């Protein structure tokens with residue numbers, strides 16, 4: 013069981029504080045959990061950038077959100093192209109954002125790929141591993157601006173990495189993030205590859221929080237969150253791997269969390285004052301907003317896995333971005 017870190021009734025979107033004057037980024041914001049996250053941040057007054065690959069889908073989603081929020085709110089939602097599979101695209105998206113904005117209060121690394129057949133990205137990275145590498149490239153490029161924002165008065169800077177309890181599949185193997193060959197191992201099943209990618213999200217959170225502290229930045233809060241089992245388009249991956257599951261997904265989707273429910277934990281991590289009050293640095297949260305202990309592989313007490321992954325991502329960025 014996780015530790016319930018809020019008192020009283022279950023946390024919901026009505027508890028999100030006023031976000032006027034704040035600026036947020038949500039990756040993969042055109043559908044599913046990202047869509048709900050963009051909508052609710054915008055509802056509370058944040059200027060929100062939706063980062064996703066297909067402009068037409070993003071602009072359609074933005075107009076739909078504006079329609080849902082109604083004409084009185086006039087939300088600010090903007091689009092920047094971002095391809096999770098391309099380190100160059102991730103870096104370029106961050107650079108474009110920095111050119112357009114003078115602050116960044118909330119970064120929600122939400123985009124993801126799940127249980128797809130084995131395939132390499134144009135950068136030569138196994139595509140599920142891009143769940144980690146793509147968000148690394150985006151985040152570290154944005155880091156100077158995040159630090160600048162943290163130095164501003166009344167700042168509440170959050171970096172939220174959406175992981176999954178699927179990371180537990182990484183326990184069935186010995187992770188090797190010291191080389192691209194280790195990251196790309198084909199012998200693992202698609203679910204193990206997915207689990208390893210979700211493990212890198214947690215390791216990145218740990219390592220980033222540690223490096224921020226070492227640099228003297230103590231008021232940026234980095235969290236990993238597992239949203240729960242949610243009916244989203246992430247199921248496209250398993251359906252590609254096992255086409256016979258497609259009809260079953262209609263039934264499965266009626267039995268699991270809706271995107272509105274699934275987005276609650278990342279919204280909590282991105283906005284709740286309790287994150288600072290409870291000092292939830294490098295925390296792993298499960299739905300809804302429950303603190304969860306990490307297994308030994310995710311705790312990474314000696315920092316080797318996280319350090320290896322960080323060094324590999326830096327090397328890949330030098331080569332590819």
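In the numbering used here, the protein residues as written are 13 to 333. For every residue, glycine included, the Cβ atom is placed at its ideal position computed from N, Cα and C. Just so we're clear, the structure is a prediction, and the values are computed from it rather than from any experiment.
Cutting at 7 Å between CB atoms, please list the residues of its own chain near residue 285, excluding the five before and the five after it. Position 273 of the chain shown, counting from 1, holds the residue named residue 285. Within the same chain, Cβ atoms closer than 7 Å to the Cβ of residue 285 are found at 29, the five residues on either side in sequence being excluded.
Sub-8 Å separation of residue 296 and residue 281 beta-carbons: Here residue 296 is taken as the residue at index 284 of the chain shown, counted from 1. Here residue 281 is taken as the residue at index 269 of the chain shown, counted from 1. Taking 8 Å as the Cβ cut-off, residue 296 and residue 281 do not qualify as a contacting pair.
Suppose you measure from the CA of residue 207 to the CA of residue 151; what does that come to, to the nearest Å? By one-based count along the chain shown, residue 207 stands at place 195. By one-based count along the chain shown, residue 151 stands at place 139. Straight-line Cα distance between these residues: approximately 21 Å.
Look up residue 88 in the DSSP assignment and say whether it is helix, strand or coil. Taking the chain shown and counting its residues from 1, the one referred to as residue 88 is at position 76. Coil.
Complete runs of the beta strand (DSSP E) confined to the stretch 139-206 [at least 3 residues]: Runs of the beta strand (DSSP E) inside the stretch 139-206: 169-174.
Could you work out which residue in 82, 173, 86 is closest to residue 60 when comparing CA atoms only? Within the chain shown, residue 60 is the residue found at index 48, counting from 1. A check of alpha carbon separations from residue 60 across 82, 173, 86 identifies 86 as the nearest.
Take every Cβ of the stretch 60-73, pair it with every Cβ of the stretch 88-99, and state whether three or more of those distances are shorter than 8 Å. Taking 8 Å as the limit for Cβ pairs, the verdict is that the stretch 88-99 does touch the stretch 60-73.
Between the stretch 129-149 and the stretch 206-225, can you find at least three pairs of beta-carbon atoms closer than 8 Å? A contact exists between the stretch 206-225 and the stretch 129-149.
Rounded to a whole number of angstroms, what is the C-alpha to C-alpha distance between residue 249 and residue 165? Within the chain shown, numbered from 1, the residue matching residue 249 stands at position 237. Within the chain shown, numbered from 1, the residue matching residue 165 stands at position 153. Confidence at residue 249 is low in this model, with a pLDDT of 45, below 50, so its placement is unreliable and the value that follows should be read with caution. Looking at the two C-alpha atoms, the distance is approximately 43 Å.
DSSP state of residue 14 mapped onto helix, strand, coil: Counting from one through the chain shown, the residue named residue 14 turns up at place 2. Since pLDDT at residue 14 reaches only 43, below the 50 mark, its modelled position is unreliable, and the value read off the structure follows with that caveat. DSSP, reduced to helix, strand and coil, places residue 14 outside both helices and strands of the structure shown, so it counts as coil.
Could you pull out every residue in the same chain whose Cβ sits closer than 6 Å to the Cβ of residue 194, ignoring the five residues on either side in sequence? For this step, residue 194 is matched to residue 182 along the chain shown. Excluding residues within five positions, the ones whose Cβ falls inside 6 Å are 188.
Straight-line Cα distance separating residue 329 from residue 220: Taking the chain shown and counting its residues from 1, the one referred to as residue 220 is at position 208. Taking the chain shown and counting its residues from 1, the one referred to as residue 329 is at position 317. Inter-residue distance for residue 220 and residue 329 is about 17 Å (C-alpha atoms, whole angstroms).
Given a cut-off of 8 Å on the beta-carbon distance, is the pair residue 81 and residue 56 in contact? The count along the chain shown starts at 1 and reaches residue 81 at position 69. The count along the chain shown starts at 1 and reaches residue 56 at position 44. Result no, Cβ atoms of residue 81 and residue 56 do not sit closer than 8 Å.
Using beta-carbon positions only, say whether residue 41 and residue 50 come within less than 8 Å of one another. The count along the chain shown starts at 1 and reaches residue 41 at position 29. The count along the chain shown starts at 1 and reaches residue 50 at position 38. In contact: residue 41 and residue 50 (Cβ atoms closer than 8 Å).
Tell me where the beta strand (DSSP E) around residue 61 begins and ends. The residue labelled residue 61 in the question sits at position 49 within the chain shown. 59-64 is the span of the beta strand (DSSP E), which, as asked, contains residue 61.
Between residue 304 and residue 105, what straight-line distance do the alpha-carbon atoms span, to the nearest angstrom? The residue given as residue 304 occupies position 292 in the chain shown. The residue given as residue 105 occupies position 93 in the chain shown. Approximately 32 Å, taken between the alpha carbons.
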